[in-house]
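Visitor: Sharing a structure, written as structure tokens. Questions coming.
In my numbering, the protein residues as written are 40 to 332.
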């Protein structure tokens, strides 16, 4: 697919590095094909107030909105045939834009880029490893059942076919959305060389635990919606069973990650306890009938 124009959509809730992200994007190769960089949300820090770039558009939502809602607003505010979704805590690395373009020119319509396996401290590193173990730059490229939206490019024809993100899901909208693409015949593909550094704020055990609890709660809903495509295990249907088996489930998932990625045991062995705890938190969230706070 020839790429003539791209819009980049960034949901942001007062990101302290949003100006750095925009500046990094504008230094990318092939920047001339960027039609718009649309930031949707809040900028109470005023980091976008004095920018002079005609391609940058900030849409102030007034109040905080979930990222899925912000992304939908961005989709509606653009017309480009190719869209890149980037989170407001992700710094694009060299050749990020050109690699997304190359992936689409290789006839992939739904592309997930890579995440660097790093972090500013133990908990930040552990979070990136546990949440994005299938999408790290050290992982082999290839097809995936679904992709995260933190670093995702999609041809607009795909969105026209399957619709917008589900705004009723505060979390795991990307799991639902890209699985719907998969079911509609648009195979998600992982392209690790379109790389970002995920500079997030889950830098303590408490923050990691809370985030994984919320993810587990909403990911369960999405996985039950797409049981056949995602091969959802039967035990996920019962909240009581999830809670009862949570230590074993967390061990099983942790072992599976280590088996699939042997380098974790060699280079990141110290994060194994944190990965286990994150999966325990995920189970705890999945077992909750009410939305975790």
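Glycine included, C-beta positions come from ideal geometry on N, C-alpha and C.
So, are the CB atoms of residue 68 and residue 94 less than 8 Å apart?
Guide: Mapped onto the chain shown, residue 68 falls at position 29. Mapped onto the chain shown, residue 94 falls at position 55. No; because the gap between Cβ atoms is not below 8 Å, this pair is not in contact.
Visitor: With DSSP as the reference, label residue 293 as helix, strand or coil.
Guide: Residue 293 sits at position 254 when you count from the first residue of the chain shown. Here residue 293 sits in helix by DSSP.
Visitor: Give me, in chain order, the residues of the same chain whose beta-carbon lies closer than 8 Å to that of residue 278; leave out the 5 immediate sequence neighbours on both sides.
Guide: Start at 1 with the first residue of the chain shown, and residue 278 comes out as number 239. Correct list, in chain order: 325, 326, 327, 328.
Visitor: If you draw a straight line from the C-alpha of residue 56 to the C-alpha of residue 185, how long is it?
Guide: Residue mapping note: residue 56 aligns to position 17 of the chain shown, counting from 1. Residue mapping note: residue 185 aligns to position 146 of the chain shown, counting from 1. When rounded, the distance between both Cα atoms is 27 Å.
Visitor: Decide if residue 43 is buried, meaning its Cβ has at least 16 other Cβ atoms within 10 Å, or exposed.
Guide: One-based indexing of the chain shown puts residue 43 at position 4. Residue 43 is exposed by the Cβ-count criterion.
Visitor: Counting along the chain, where does the beta strand (DSSP E) carrying residue 16 start and finish?
Guide: This structure leaves residue 16 out entirely; the chain is present only between 40 and 332.
Visitor: From residue 419 to residue 140, what does the alpha carbon distance come to, in whole angstroms?
Guide: There is no way to answer for residue 419, as the model of the chain reaches only from 40 to 332.
Visitor: Is there a C-beta anywhere in chain D that falls below 8 Å from the one on residue 323?
Guide: Absent from the structure is chain D; it holds one protein chain and no more.
Visitor: With a Cβ-Cβ cutoff of 8 Å, do residue 149 and residue 225 count as a contact?
Guide: Translated into positions along the chain shown, residue 149 becomes position 110. Translated into positions along the chain shown, residue 225 becomes position 186. Yes, Cβ-Cβ distance for residue 149 and residue 225 is below 8 Å.
Visitor: Output yes or no for whether 8 Å exceeds the beta carbon distance between residue 123 and residue 77.
Guide: Here residue 123 refers to the residue found at position 84 of the chain shown. Here residue 77 refers to the residue found at position 38 of the chain shown. No, Cβ-Cβ distance for residue 123 and residue 77 is not below 8 Å.
Visitor: Can you give me the Cβ contacts of residue 302 inside the same chain, cut-off strictly under 7 Å, excluding the 5 residues immediately before and after it?
Guide: Numbered from its first residue, the chain shown carries residue 302 at position 263. Closer than 7 Å at Cβ, skipping near neighbours: 177.
Visitor: Please say whether residue 181 and residue 232 have beta carbons closer to each other than 8 Å?
Guide: Here residue 232 refers to the residue found at position 193 of the chain shown. Here residue 181 refers to the residue found at position 142 of the chain shown. Not closer than 8 Å, so no.
Visitor: How is residue 56 classed by DSSP in three states: helix, strand or coil?
Guide: Numbered from 1 along the chain shown, position 17 holds the residue referred to as residue 56. Coil, per DSSP.
Visitor: Since residue 50 and residue 109 are thought to touch, with beta carbons under 8 Å apart, how far apart are those beta carbons, to the nearest angstrom?
Guide: Translated into the one-based positions of the chain shown, residue 50 becomes position 11. Translated into the one-based positions of the chain shown, residue 109 becomes position 70. The pair is a contact, with the Cβ atoms about 3 Å apart (cut-off 8 Å).
Visitor: Taking the straight line between their C-alpha atoms, what separation do you get for residue 322 and residue 89?
Guide: Here residue 322 is taken as the residue at index 283 of the chain shown, counted from 1. Here residue 89 is taken as the residue at index 50 of the chain shown, counted from 1. So the two alpha carbons sit approximately 44 Å from each other.
Visitor: Could you round the C-beta distance between residue 275 and residue 263 to whole angstroms and report it? I think they count as a contact, below 8 Å.
Guide: Position 236 of the chain shown, counting from 1, holds the residue named residue 275. Position 224 of the chain shown, counting from 1, holds the residue named residue 263. Confirmed, Cβ separation roughly 7 Å.
Visitor: From 54, 86, 173, 71, pick the residue whose C-alpha is nearest to that of residue 125; which is it?
Guide: The sequence position of residue 125 within the chain shown is 86, counting from 1. Ranking the options by Cα distance to residue 125, first place goes to 54.
Visitor: Please determine, among 97, 318, 146, the residue with the shortest C-alpha to C-alpha distance to residue 255.
Guide: Working through the chain shown from its first residue, we reach residue 255 at position 216. Ranking the options by Cα distance to residue 255, first place goes to 318.
Visitor: Does the beta-carbon distance from residue 107 to residue 204 come in below 8 Å?
Guide: Counting from one through the chain shown, the residue named residue 107 turns up at place 68. Counting from one through the chain shown, the residue named residue 204 turns up at place 165. Yes. Within cutoff.
Visitor: So, with DSSP's three-state summary, where would you put residue 206?
Guide: As a working note, residue 206 is residue 167 in the chain shown. It is coil, neither helix nor strand.
Visitor: Three or more beta-carbon pairs under 8 Å between the stretch 239–250 and the stretch 283–299, yes or no?
Guide: No contact exists between the stretch 239–250 and the stretch 283–299.
Visitor: Would you list the residues sitting across from residue 251 in a DSSP beta bridge?
Guide: The count along the chain shown starts at 1 and reaches residue 251 at position 212. DSSP, once it has assigned bridges, lists no residue as partnering residue 251.
Visitor: To the nearest angstrom, how far is the alpha carbon of residue 220 from that of residue 307?
Guide: Stepping through the chain shown from its first residue, residue 220 is reached at position 181. Stepping through the chain shown from its first residue, residue 307 is reached at position 268. Whole-angstrom Cα-Cα distance: 33 Å.
Visitor: What are the start and end residues of the beta strand (DSSP E) that includes residue 75?
Guide: Within the chain shown, the letter at position 36 stands for residue 75. Run containing residue 75: 73–81, per the beta strand (DSSP E) assignment.
Visitor: Would you mind giving the Cβ-Cβ distance between residue 80 and residue 104, rounded to the nearest angstrom? I have them listed as a contact below 8 Å.
Guide: Locating residue 80 in the chain shown gives position 41, where the first residue counts as 1. Locating residue 104 in the chain shown gives position 65, where the first residue counts as 1. With 8 Å as the limit, residue 80 and residue 104 qualify as a contact, their Cβ atoms being about 7 Å apart.
Visitor: Determine the direct distance from the alpha carbon of residue 133 to that of residue 238, and round the result to whole angstroms.
Guide: As a working note, residue 238 is residue 199 in the chain shown. As a working note, residue 133 is residue 94 in the chain shown. Looking at the two C-alpha atoms, the distance is approximately 16 Å.
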